[in-house]
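Protein chains: 2
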Amino acid sequence: MADQVHEGRPAGGLEIRPEEHAALVDGRPLSLTVRELQVLTSLAAHPQRIMTREELYADVWGRAPRRDDRSVDVYVSRLRSKLREALPGCELIHTHNGIGYRYSPDDQA
Amino acid sequence: MADQVHEGRPAGGLEIRPEEHAALVDGRPLSLTVRELQVLTSLAAHPQRIMTREELYADVWGRAPRRDDRSVDVYVSRLRSKLREALPGCELIHTHNGIGYRYSPDDQA
DNA sequence: CAGGGCGTTCACAAGCCGTTTACCTCGGGG
DNA sequence: CCCCGAGGTAAACGGCTTGTGAACGCCCTG
Numbered sequence: 009m010a011d012q013v014h015e016g017r018p019a020g021g022l023e024i025r026p027e028e029h030a031a032l033v034d035g036r037p038l039s040l041t042v043r044e045l046q047v048l049t050s051l052a053a054h055p056q057r058i059m060t061r062e063e064l065y066a067d068v069w070g071r072a073p074r075r076d077d078r079s080v081d082v083y084v085s086r087l088r089s090k091l092r093e094a095l096p097g098c099e100l101i102h103t104h105n106g107i108g109y110r111y112s113p114d115d116q117a
Numbered sequence: 009m010a011d012q013v014h015e016g017r018p019a020g021g022l023e024i025r026p027e028e029h030a031a032l033v034d035g036r037p038l039s040l041t042v043r044e045l046q047v048l049t050s051l052a053a054h055p056q057r058i059m060t061r062e063e064l065y066a067d068v069w070g071r072a073p074r075r076d077d078r079s080v081d082v083y084v085s086r087l088r089s090k091l092r093e094a095l096p097g098c099e100l101i102h103t104h105n106g107i108g109y110r111y112s113p114d115d116q117a
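Chains as they are written, first to last, in our numbering: chain S, 9 to 117; chain W, 9 to 117.
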């Protein structure tokens, strides 16, 4: 099947090390807040899989979101902003309208 | 070309996973809208069987279409367009004039 | 006590999608 | 030929979803 993404060298030059509370690009750490790293880690833990907001929220916050909670969207937006700056041209987080978000290690599809 | 046949994978390299809100070609998700995936799923659930527009509509929309409703045709058209791009040369959805549509996993007959 | 960082919420703009309509083409009968 | 029904598809439209800047409050630190 598809190659497993190890911590050593994922596609796109982005390394996520949750146990070290860090995400690295070319060895340089992104300055992410705790929540931002949690959301990124959760997304990246299921590459190419569409995650609903509910799944993401449950994974990171540990409970169900209240109706109309936009927290996930806000964090995705902030993550994209920081990733865009660190990896210009890469689109790692894809939106699936009406469903949720998908992380794609190779910024394609 | 000769791919391994996994459980979810019909001929043509198209994998439909409604519970994951996704349809995959070579592991890459097609960007289908919710409705498009519903129509494709319904068609593909009855391979080689001609489904009338009424059947399809009832299956996806959960009610009977109003007279002269063209929604099904529009979605079939959009699906064909996206499938054509992802799987050039394949004709998975066949028209049966005056009756309805038929999904053929092996793009023949 | 002032300042700053962060998580959360709010508000509004922008964009996408479902639905409907309109226009075209094709074939069969008269 | 002309008419008519069936189907393909582009495009209009309105509503809902999403992107994102900003405000607010909490907590920590100096």
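Think of the CB as a built atom: it goes at the ideal place given N, C-alpha and C, for glycine as much as any other residue.
_Tell me the residue span of the alpha helix (DSSP H) that contains L87 of chain W._
Position 79 of the second sequence holds residue 87 of chain W. In the DSSP assignment, L87 of chain W falls within the alpha helix (DSSP H) that extends over S79 to A94.
*asked:* Which residue marks the beginning of the beta strand (DSSP E) containing L22 of chain S, and which one marks its end?
replied: Translated into positions along the first sequence, residue 22 of chain S becomes position 14. Segment L22 to R25, the beta strand (DSSP E) holding L22 of chain S.
*Within chain S, the residues that E28 of chain W reaches when beta carbons sit closer than 8 Å*: Residue 28 of chain W sits at position 20 when you count from the first residue of the second sequence. Result: R57 and I58.
*Members of the region 51-82 of chain S near chain W, C-beta cut-off 9 Å*: Residues passing the 9 Å Cβ filter: Q56, R57, I58 and T60.
*Which residue from W:R78, W:E44 and W:L45 puts its Cα closest to that of T60 of chain W?*
Here residue 60 of chain W is taken as the residue at index 52 of the second sequence, counted from 1. Considering only W:R78, W:E44 and W:L45, the residue with the shortest C-alpha distance to T60 of chain W is W:R78.
_Taking the alpha helix (DSSP H) that R43 of chain W belongs to, which residues open and close that run?_
Taking the second sequence and counting its residues from 1, the one referred to as residue 43 of chain W is at position 35. Unbroken alpha helix (DSSP H) run through R43 of chain W: V42 to A52.
*asked:* Going by DSSP in three states, R36 of chain W sits in which element: helix, strand or coil?
replied: By 1-based counting over the second sequence, the position of residue 36 of chain W is 28. Note: R36 of chain W maps to strand in three-state DSSP.
*What number of angstroms, rounded off, separates the C-alpha of G97 of chain S from the C-alpha of K90 of chain S?*
On the first sequence, residue 97 of chain S is found 89 positions in, with the first residue counted as 1. On the first sequence, residue 90 of chain S is found 82 positions in, with the first residue counted as 1. In this structure, the alpha-carbon of G97 of chain S lies about 12 Å from that of K90 of chain S.
*Among the residues of its own chain, which have a CB less than 6 Å from the CB of P26 of chain S, if the five just before and after it don't count?*
Taking the first residue of the first sequence as 1, we reach residue 26 of chain S at position 18. Taking C-beta separations shorter than 6 Å and ignoring five residues to either side along the sequence, the partners of P26 of chain S in its chain run T49, following chain order.
*Would you please state the rounded distance, in angstroms, between the beta carbons of V42 of chain W and I107 of chain S? I believe it to be under 8 Å.*
The residue given as residue 42 of chain W occupies position 34 in the second sequence. The residue given as residue 107 of chain S occupies position 99 in the first sequence. Yes, they are in contact, since the Cβ atoms of V42 of chain W and I107 of chain S sit about 7 Å apart, within 8 Å.
*Between I101 of chain S and V84 of chain S, which are expected to be in contact by the criterion C-beta below 8 Å, what is the C-beta distance as a whole number of angstroms?*
Sequence index remark: in the first sequence, residue 101 of chain S carries index 93 (1-based). Sequence index remark: in the first sequence, residue 84 of chain S carries index 76 (1-based). Your pair I101 of chain S and V84 of chain S checks out as a contact, with CB atoms roughly 6 Å apart and the cut at 8 Å.
*Classify E93 of chain W as buried or exposed, calling it buried when 16 or more other Cβ atoms lie within 10 Å of its own Cβ.*
Here the question's residue 93 of chain W lines up with position 85 in the second sequence. E93 of chain W counts as exposed, since fewer than 16 other beta carbons sit within 10 angstroms of its beta carbon.
_Distance between G35 of chain W and S112 of chain S (C-alpha atoms, nearest Å)_ = As a position in the first sequence, residue 112 of chain S is number 104, starting the count at 1. As a position in the second sequence, residue 35 of chain W is number 27, starting the count at 1. When rounded, the distance between both Cα atoms is 11 Å.
*asked:* Please list, in chain order, the chain S residues whose beta carbon lies closer than 8 Å to that of T41 of chain W.
replied: One-based indexing of the second sequence puts residue 41 of chain W at position 33. Going along chain S in sequence order, the residues near T41 of chain W (Cβ under 8 Å) are N105 and G106.
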